[in-house]
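This note's numbering puts the first residue of the sequence shown at 1, with every later residue one more than the last. Ideal placement from N, C-alpha and C gives every residue a C-beta, glycine not left out.
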Amino acid sequence: MSYSIFLLRFVDGEVVVLDAERFRHVTEPYVVAGDLEEGFSQLRAEDGGEADLYHESHGESGMLCVTATHFARGAMLGVLTRLAAALGASIVPQDGGALIFHEKERRHLPAELQGSVVVIAPTEGPIPAKTSASGGASIS
Numbered sequence: 001m002s003y004s005i006f007l008l009r010f011v012d013g014e015v016v017v018l019d020a021e022r023f024r025h026v027t028e029p030y031v032v033a034g035d036l037e038e039g040f041s042q043l044r045a046e047d048g049g050e051a052d053l054y055h056e057s058h059g060e061s062g063m064l065c066v067t068a069t070h071f072a073r074g075a076m077l078g079v080l081t082r083l084a085a086a087l088g089a090s091i092v093p094q095d096g097g098a099l100i101f102h103e104k105e106r107r108h109l110p111a112e113l114q115g116s117v118v119v120i121a122p123t124e125g126p127i128p129a130k131t132s133a134s135g136g137a138s139i140s
């Protein structure tokens, strides 16, 4: 069974475009298949962990979301965390909640996510385990 996380950038409760060049800069060293133009990239981290990323641009509106699936624990979670931080994106697990890097980002989330948000510190390592007391937003 696959688990997905979504990297979304919010401003005033609305999803806004992600920076494709920042995406390329962070992911390029790890791409083993696909590319930005294809809307799909398979990444492999230094410890061999992989992830599938879906990131199709939608015409003039640009790239609104990066979906990560089939991702390994370990170094790949660090790559995904650094990608989210570089994009200024929130990490939204498929089962609810949101992870943000700075408290000031909370006000930009949609109302339904603001109550279940966890603030994490951007690091070189993976996303911390058990990030939420409520059971949501735990992806490690």
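In whole angstroms, what separates the C-alpha of residue i from that of residue j?
{"i": "Glu14", "j": "Ala51", "result": "27 Å"}
{"i": "Tyr3", "j": "Val66", "result": "14 Å"}
{"i": "Ala137", "j": "Val118", "result": "Reliability fails at Ala137, whose pLDDT of 47 lies under 50, so the model's placement of it is uncertain and the value that follows must be treated cautiously. Each residue's alpha carbon lies about 7 Å from the other."}
{"i": "Arg73", "j": "Ala85", "result": "18 Å"}
Are the Cβ atoms of residue i and residue j separated by less than 9 Å?
{"i": "Leu80", "j": "Leu7", "result": "yes"}
{"i": "Leu83", "j": "Phe40", "result": "no"}
{"i": "Pro93", "j": "Leu87", "result": "no"}
Which same chain residues end up closer than 7 Å to residue i when comparing Cβ atoms and leaving out the 5 residues on each side of it in sequence?
{"i": "Val11", "result": "His108"}
{"i": "Arg44", "result": "Tyr30, Val32, Glu50"}
Is it buried or exposed for residue i, if we count other Cβ within 10 angstroms and need 16 for buried?
{"i": "Val32", "result": "exposed"}
{"i": "His55", "result": "buried"}
In its own chain, which residues sit with a C-beta less than 6 Å from the C-beta of residue i, not counting the 5 before and 5 after it?
{"i": "Met76", "result": "Ala45, Gly49, Ala51"}
Which same chain residues, not among the five before or five after residue i, have their C-beta less than 8 Å away from its C-beta?
{"i": "Gly62", "result": "Val17, Leu18, Ala20"}
Legend entry - Runs of alpha helix (DSSP H) wholly within the segment 15–64 (minimum 4 residues, chain order): 20–27
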